[in-house]
Amino acid sequence: MGRTLQNTMINLGLQNACDEAVYQLGLDMEELEEIEEDAGLGNGGLGRLAACFLDSMATLGLAAYGYGIRYEYGIFNQKIRDGWQVEEADDWLRHGNPWEKARPEYMLPVHFYGRVEHSASGAKWIDTQVVLALPYDTPVPGYMNNTVNTMRLWSARAPNDFNLRDFNVGDYIQAVLDRNLAENISRVLYPNDNFFEGKELRLKQEYFVVAATLQDIIRRFKASKFGSTDSVRTVFDSFPDQVAIQLNDTHPAMAIPELMRIFVDIEKLPWDKAWDITKRTFAYTNHTVLPEALERWPVDLVEKLLPRHLQIIYEINQRHLDHIASLFPNDVDRLRRMSLIEEGDTKRINMAHLCIVGSHAVNGVAKIHSEIVKTQVFEDFAALEPEKFQNKTNGITPRRWLLLCNPGLAELIAEKIGEDYVRDLSQLTKLHEFVDDDLFIREVAKVKQENKVKFALYLEKEYKVKINPSSMFDVHVKRIHEYKRQLMNCLHIITMYNRIRRDPAKLFVPRTVIIGGKAAPGYHMAKMIIKLINAVAQVVNNDPMVGSKLKVIFLENYRVSLAEKVIPATDLSEQISTAGTEASGTGNMKFMLNGALTIGTMDGANVEMAEEAGEENLFIFGMRVEDVTELDRKGYNAQLYYDRLPELKQAVDQIKSGFFSPKDPNLFNDVVNMLFHHDRFKVFADYEAYVKCQEKVSELYLNSKAWTKMVIRNIAAAGKFSSDRTIKEYARDIWHVEPSDLKIPPPNEPRDAGQDKTPNGTAA
Numbered sequence: 002m003g004r005t006l007q008n009t010m011i012n013l014g015l016q017n018a019c020d021e022a023v024y025q026l027g028l029d030m031e032e033l034e035e036i037e038e039d040a041g042l043g044n045g046g047l048g049r050l051a052a053c054f055l056d057s058m059a060t061l062g063l064a065a066y067g068y069g070i071r072y073e074y075g076i077f078n079q080k081i082r083d084g085w086q087v088e089e090a091d092d093w094l095r096h097g098n099p100w101e102k103a104r105p106e107y108m109l110p111v112h113f114y115g116r117v118e119h120s121a122s123g124a125k126w127i128d129t130q131v132v133l134a135l136p137y138d139t140p141v142p143g144y145m146n147n148t149v150n151t152m153r154l155w156s157a158r159a160p161n162d163f164n165l166r167d168f169n170v171g172d173y174i175q176a177v178l179d180r181n182l183a184e185n186i187s188r189v190l191y192p193n194d195n196f197f198e199g200k201e202l203r204l205k206q207e208y209f210v211v212a213a214t215l216q217d218i219i220r221r222f223k224a225s226k227f228g229s230t231d232s233v234r235t236v237f238d239s240f241p242d243q244v245a246i247q248l249n250d251t252h253p254a255m256a257i258p259e260l261m262r263i264f265v266d267i268e269k270l271p272w273d274k275a276w277d278i279t280k281r282t283f284a285y286t287n288h289t290v291l292p293e294a295l296e297r298w299p300v301d302l303v304e305k306l307l308p309r310h311l312q313i314i315y316e317i318n319q320r321h322l323d324h325i326a327s328l329f330p331n332d333v334d335r336l337r338r339m340s341l342i343e344e345g346d347t348k349r350i351n352m353a354h355l356c357i358v359g360s361h362a363v364n365g366v367a368k369i370h371s372e373i374v375k376t377q378v379f380e381d382f383a384a385l386e387p388e389k390f391q392n393k394t395n396g397i398t399p400r401r402w403l404l405l406c407n408p409g410l411a412e413l414i415a416e417k418i419g420e421d422y423v424r425d426l427s428q429l430t431k432l433h434e435f436v437d438d439d440l441f442i443r444e445v446a447k448v449k450q451e452n453k454v455k456f457a458l459y460l461e462k463e464y465k466v467k468i469n470p471s472s473m474f475d476v477h478v479k480r481i482h483e484y485k486r487q488l489m490n491c492l493h494i495i496t497m498y499n500r501i502r503r504d505p506a507k508l509f510v511p512r513t514v515i516i517g518g519k520a521a522p523g524y525h526m527a528k529m530i531i532k533l534i535n536a537v538a539q540v541v542n543n544d545p546m547v548g549s550k551l552k553v554i555f556l557e558n559y560r561v562s563l564a565e566k567v568i569p570a571t572d573l574s575e576q577i578s579t580a581g582t583e584a585s586g587t588g589n590m591k592f593m594l595n596g597a598l599t600i601g602t603m604d605g606a607n608v609e610m611a612e613e614a615g616e617e618n619l620f621i622f623g624m625r626v627e628d629v630t631e632l633d634r635k636g637y638n639a640q641l642y643y644d645r646l647p648e649l650k651q652a653v654d655q656i657k658s659g660f661f662s663p664k665d666p667n668l669f670n671d672v673v674n675m676l677f678h679h680d681r682f683k684v685f686a687d688y689e690a691y692v693k694c695q696e697k698v699s700e701l702y703l704n705s706k707a708w709t710k711m712v713i714r715n716i717a718a719a720g721k722f723s724s725d726r727t728i729k730e731y732a733r734d735i736w737h738v739e740p741s742d743l744k745i746p747p748p749n750e751p752r753d754a755g756q757d758k759t760p761n762g763t764a765a
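Everything in the sequence shown is counted per the numbering used here, starting at 2 for the first residue and increasing by one.
Pasting the structure below:
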């Protein structure tokens with residue numbers, strides 16, 4: 002979520018008033034804003050996407066709730082020591098959180114372990130351990146519409162009789178100390194992005210948020226006029242018309258068997274009725290196609306922790322497979338491929354399959370990704386129910402990612418096309434009229450230059466390096482992962498360095514290369530990549546032959562509040578994942594909206610950005626998905642590229658020989674070995690095209706006016722990538738609710754009875 006203060010002032014239309022008031026108190030608002038901690042309650046794009054969605058849902062007047070866990074420790078703080086990433090705990094609640102309100106009156110029990118007893122009256126889950134879920138509410142204000150929605154985060158609490166009610170005669174002290182075991186559930190965020198780690202505590206977290214949330218939703222449903230009818234059989238008939246639940250990846254997949262458990266075991270609905278309601282309630286968003294990211298929980302673990310849920314999953318699977326067998330008799334391989342249960346050394350539950358079977362809609366997050374989901378990853382399911390599969394291209398909120406972080410540009414745009422674009426970003430197309438307006442071109446360039454000077458001062462303060470603000474700011478910020486290919490950027494840096502040294506007199510377009518992002522603490526290769534970037538920076542930044550022509554900076558502790566500083570100052574945005582691996586990306590959109598040009602592959606939303614702006618207005622290079630598939634078929638041989646390309650060979654040899662690690666020449670052996678022998682993401686295959694494309698970038702940068710005109714064309718084409726557009730599509734195609742542009746009257750004005758905040762409709 003990042004910081005809340007400035008976003009709240011902007012959405013309430015109070016920023017100028019507050020700035021003025023604080024100034025009159027002899028304080029500086031920006032200094033005050035810097036004191037607030039980021040709420041870092043998610044890992045990478047998936048968590049930030051949820052935050053943008055909350056802003057858009059409130060701005061569109063949807064009665065929507067965001068549910069999650071109130072982690073005591075969020076994503077770790079990253080320190081760089083001697084070029085290595087070191088993790089520190091993110092004690093973000095140390096000074097309290099003024100934006101949250103604890104709601105103990107809505108506390109709910111969540112059960113774990115125990116056993117299942119079957120009787121004539123049905124199944125009973127008994128002898129369980131209970132953990133209490135205490136909700137904390139954070140307000141989510143819409144933009145200038147007097148709507149405030151709620152983000153409800155659950156915190157784990159031990160019941161007061163924890164470890165004291167049963168055979169615990171003597172050790173009262175130990176029993177109280179053991180309360181920590183229950184409360185550990187909401188202690189810390191697992192820091193993996195695009196990687197599945199099958200730990201028991203993680204499964205506990207996933208079920209904890211799901212069980213508390215579903216009880217909360219059902220309580221609210223029953224209290225509303227829709228839930229109150231006489232006949233028990235029809236109480237839940239209207240449930241899917243009143244409630245829509247969007248599963249943000251498979252992490253909350255246990256919601257499907259949990260809702261079935263509530264309907265069948267507790268509310269005593271017949272299975273078929275319960276299943277119909279459940280399917281119509283849930284929809285599933287897939288966020289990645291990387292196999293190592295797909296959640297596959299061991300059956301033994303689920304059986305121990307959630308025995309009744311395992312039985313329900315088996316029943317769902319049995320009925321699912323019976324259905325497929327009736328359509329495809331004797332096709333045992335299809336049954337194996339489509340089963341929710343994977344046989345093998347350890348039996349596992351494929352959570353994506355559970356989500357697909359238990360949802361009425363499944364979507365990817367960019368056109369190319371949704372296509373891959375349909376034709377490759379889940380092709381058997383798509384063949385069965387093609388109408389279930391959709392695309393919903395991701396977006397970003399223009400409130401945080403333009404108004405808040407880049408007021409200079411936002412104001413400049415408003416001068417030309419009015420202020421309405423903030424709620425309807427498609428209006429940015431009006432900027433096409435000004436692409437040849439010399440004054441506007443100069444003003445856009447001036448705003449960028451001011452942002453760069455401001456960020457250069459920040460870098461000099463934090464990193465003690467002198468930055469040339471007229472150099473091209475070449476920025477690569479995102480989680481560190483092999484598929485995102487920070488290594489390819491690193492090879493380009495080394496190549497530029499070698500060119501400068503080979504011919505110091507030759508014209509060189511000065512660059513400041515900024516790379517930032519966190520590596521999962523257990524991801525060895527990602528940590529080596531960080532060390533390599535810092536080792537290269539050490540050499541480059543201290544070579545007198547290079548001077549101010551090339552500087553390399555690794556941005557420590559990349560997070561939302563730092564993104565808000567670096568993105569408006571960026572000239573070139575690096576979006577260079579191997580085609581077919583980045584589901585969408587959202588950083589790419591933030592850079593586009595803030596007047597950076599993109600160098601990127603035809604991957605994720607880059608494809609649609611090129612479609613909107615015209616491919617000639619992005620720097621597109623490298624293999625397409627088809628080329629990658631073909632290369633896989635032929636077999637990727639890294640050695641071929643190394644032998645054929647002298648500059649690549651030189652760069653790799655320098656890494657291998659210890660040129661960048663003289664004290665430990667073998668330091669980067671693992672990295673080099675990976676690049677040659679098991680590089681799933683084919684860095685060498687795109688190196689040549691990447692370097693050539695970078696030369697085109699430098700050439701255009703020399704012509705400031707032509708560069709800025711391309712920037713304007715990009716900003717004018719960024720309208721599609723508002724999360725408002727994304728949410729309108731979810732609302733229309735999946736949730737079946739109407740967004741309302743109604744500005745509800747402020748509390749100090751009388752309200753007409755007719756101005757009901759939500760016309761009878763779904764809560765998402």
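Ideal Cβ placement from N, Cα and C applies to all residues, glycine included.
| Query | Result |
| --- | --- |
| Whole alpha helix (DSSP H) elements within the stretch 379–420, 4-residue minimum | 380–385, 408–418 |
| Bridge partner(s) assigned by DSSP for residue 475 | 514, 573 |
| Contained alpha helix (DSSP H) runs [length at least 4] in the stretch 251–321, N- to C-terminal order | 256–262, 272–282, 300–306 |
| DSSP bridge partner residues for residue 29 (one or two, in chain order) | Bridge partners of residue 29: none, in fact. |
| Where residue 537 falls: helix, strand or coil (DSSP) | helix |
| Expected contact under 8 Å - CB spacing of residue 595 and residue 568 to nearest Å | 5 Å |
| Where the alpha helix (DSSP H) containing residue 686 begins and where it ends | 684–703 |
| Nonlocal neighbours in the same chain, by C-beta distance under 7 Å from residue 709, ignoring five residues either side | 442, 445, 446 |
| Sequence-distant residues of its chain with Cβ nearer than 6 Å to residue 365 (five each side left out) | 287, 371, 374, 392 |
| Rounded C-alpha distance that separates residue 394 from residue 118 | 46 Å |
| Those residues which DSSP pairs with residue 248 across a bridge | 285 |
| Runs of alpha helix (DSSP H) lying entirely within the stretch 350–380, each at least 4 residues, in chain order | 352–358, 368–373 |
| Within 8 Å, strictly: CB atoms of residue 615 and residue 430 | no |
| Runs of alpha helix (DSSP H) lying entirely within the stretch 618–643, each at least 4 residues, in chain order | 626–635 |
| Spatial distance of residue 647 from residue 654 (CA atoms) | 10 Å |
| Buried or exposed (CB count within 10 angstroms, at least 16 for buried), residue 613 | buried |
| Residues that residue 555 bridges to, as DSSP identifies them | 516 |
| Selection from 57, 652, 93 that minimises the alpha carbon distance to residue 497 | 652 |
| Proximity of residue 144 and residue 307 at Cβ, strictly below 8 Å | no |
| N- and C-terminal bounds of the alpha helix (DSSP H) containing residue 60 | 46–60 |
| Same chain, Cβ closer than 7 Å to residue 280, five either side skipped, listed in chain order | 359, 360, 361 |
| Reduced DSSP category for residue 123 - H, G, I as helix; E, B as strand; rest coil | strand |
| Buried or exposed by the 16-neighbour rule on C-beta atoms within 10 Å, applied to residue 24 | exposed |
| Three or more C-beta pairs below 8 Å linking the stretch 574–583 and the stretch 599–606 | yes |
| Among 252, 473, 509, the one whose alpha carbon lies nearest that of residue 768 | The structure shown does not extend to residue 768, since the chain is modelled only from 2 through 765, so no value can be given for it. |
| For residue 153, the residue or residues it bridges with in DSSP | 68, 138 |
| With 16 other Cβ atoms within 10 Å as the buried cut-off, status of residue 321 | buried |
| Residue 678: first and last residue of the uninterrupted beta strand (DSSP E) it sits in | Element bounds for residue 678: not the beta strand (DSSP E) but the alpha helix (DSSP H), 670–678. |
| Close Cβ partners of residue 661 (< 6 Å) along its chain, the five nearest in sequence each way excluded | 536, 537, 540 |
| Span of the alpha helix (DSSP H), counted from its first residue to its last, around residue 588 | 588–594 |
| First through last residue of the beta strand (DSSP E) which encompasses residue 109 | 109–113 |
| Per DSSP, the bridge partner or partners of residue 85 | 82 |
| Cutoff 8 Å; reference residue 232; Cβ partners in own chain excluding five residues on either side | Since pLDDT at residue 232 reaches only 47, below the 50 mark, its modelled position is unreliable, and no value is offered. |
| Residue 28 burial status per 10 Å Cβ neighbour count (16 or more: buried) | exposed |
| C-alpha distance - residue 112 paired with residue 190, whole-angstrom precision | 21 Å |
| Whole-angstrom distance between residue 584 and residue 289, CA atom to CA atom | 6 Å |
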